[in-house]
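Structure first, commentary second.
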Amino acid sequence: MTIKTQITIEDAAELTWYRYDGEDDYPENPHVLHVFQAEVEPSELRRIFGSASPHRVEGVSILNVLGHPHGTPDEDGYVTLTIDPESDELLALGSVPVLLVCEAFDNEEEVFQARQGPGDKQFLAALPTELKTLGWNLVNEIRSKFRGDLLLNKKVRRYVETPDQWFTLKPQPQSKSIAITVRGRPSTYIEIEDDEFSTVAPDEKTLVITPRDYVNKTPVELKQDGGGSSRFVVKNSSQLPAALRVLARASKSRR
């Protein structure tokens, strides 16, 4: 384990850490935290951060990196990380040669930007002005719970979730809405019924999902679509709680 003059950390291993922010999070879809572990001597960290180094503590050192740390894995799965002593913060200077490199954000905008993949950004950039706010809120909520990226399918003019195609998004400028397609027929989603949401099926090809708390929340209506899937439309942010509940159920179909 070495630290080069340009301040890079070699042979860092990504850890799988999860965060649950309360009862609104679904256990199968926690927030994923980007955390890497590397072998770095405490004395080397003190040399890099100088007077900015915190007091010594027992255990590992912890470094917060603005945005989320990333790198290209080598054949053994290890990555080389770049750190910036000017913007990154050493939270704890440990007593053992183990460093945890964690993501850190200053505000909601930075959190959202870090969650976005290139396809997400393409989707948002292509939205007409009247759909910008709705699209931003929708993608932000999706990425806070589900890791992935959107990919434009030009033939059907839909953005498909990758790597597993379990939902699609299609902007509809004329109706000022975003159409969402999910796997499974409407009847698949009856099990959403609980203390927070009610479900009503006007017919076998339709299911209306309504938040029981009507304050600033409105329902979504699933319609049977082709290929054993369902489709619903979101026109305003008040529909997002119901939309996210549908997506949480749809996520169970991921392979």
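For any residue, its number in the numbering used here is found by taking its place in the sequence shown, counting from 1, and adding 8. Note that CB positions come from ideal geometry on N, CA and C, so glycine has one too.
Alpha carbon of residue i to alpha carbon of residue j, nearest angstrom
i, j, result
"VAL254", "THR226", "13 Å"
"GLY234", "VAL43", "41 Å"
"ASN161", "ILE186", "16 Å"
"PRO171", "GLY127", "12 Å"
"GLU169", "THR218", "25 Å"
"GLY102", "PHE154", "33 Å"
"THR10", "VAL73", "With a pLDDT of only 40 at THR10, under the threshold of 50, the placement of this residue in the model should not be trusted, and no figure is reported."
"LEU158", "TRP144", "14 Å"
"ILE198", "ILE188", "18 Å"
"VAL48", "VAL65", "15 Å"
"ARG166", "PHE131", "9 Å"
"PRO136", "ALA256", "27 Å"
"PRO50", "GLY156", "35 Å"
"VAL109", "GLY58", "18 Å"
"LEU177", "VAL164", "11 Å"
Three-state secondary structure (DSSP) of residue i
i, result
"LEU98", "strand"
"PHE154", "coil"
"ASN145", "helix"
"ASP128", "helix"
"VAL254", "helix"
"SER246", "helix"
"ARG54", "helix"
"PRO210", "strand"
"TYR197", "helix"
"GLU169", "strand"
"LEU107", "strand"
"THR226", "coil"
"VAL71", "With the sequence shown as reference, residue 71 is identified as Leu, and Val is not the correct amino acid for it. In the structure shown, LEU71 sits in a strand (DSSP, three-state: E or B)."
"PRO181", "helix"
Selection from the options that minimises the alpha carbon distance to residue i
i, options, result
"GLU149", "GLN247, SER261 and ARG239", "GLN247"
"PHE205", "ASP211, ASP221, GLU212 and LYS213", "ASP221"
"VAL87", "ILE200, ASP211 and GLN45", "GLN45"
"PRO194", "GLY125, SER152, GLN232 and ALA134", "GLN232"
"GLY236", "ALA134, THR196 and VAL164", "THR196"
"SER152", "LYS213, GLY125, SER238 and LEU135", "GLY125"
"THR214", "ASP203, SER238 and LEU135", "SER238"
"ALA134", "CYS110, ASP203, PRO181 and GLY58", "PRO181"
7 Å CB neighbourhood of residue i in its chain, flanking five on each side removed
i, result
"ALA258", "TRP174, PHE175, VAL190, ARG191 and GLY192"
"SER261", "TRP174, ARG191 and GLY192"
"SER245", "LEU142 and ASN145"
"VAL208", "VAL216"
"LYS243", "LYS184 and SER185"
"ASP96", "LEU71, ASN72, VAL73 and LEU74"
Contact set for residue i: own chain, Cβ-Cβ below 6 Å, skip 5 residues either direction
i, result
"VAL228", "ILE217, PHE240, GLN247, ALA250 and ALA251"
"VAL147", "ASP128"
"GLU212", "none"
Cβ distance (whole Å) where residue i is taken to contact residue j below 8 Å
i, j, result
"LEU98", "LEU53", "6 Å"
"PRO179", "LEU139", "6 Å"
"ILE56", "PRO105", "Actually they do not touch by this definition, with Cβ atoms about 14 Å apart."
Residues near residue i by beta carbon distance below 8 Å, same chain, minus five either side
i, result
"LEU107", "ILE17, GLN45, ALA46, GLU47, VAL48, LEU53, VAL68, SER69, ILE70 and LEU71"
"PRO210", "VAL216"
"GLU201", "THR207"
"ALA100", "PRO62, VAL65, GLY67, VAL68, SER69 and ILE70"
"ASN224", "SER246"
"ASP203", "ARG220"
Closer than 8 Å to chain C by CB, residue i
i, result
"GLU169", "Any reference to chain C falls outside this structure, which holds one protein chain only."
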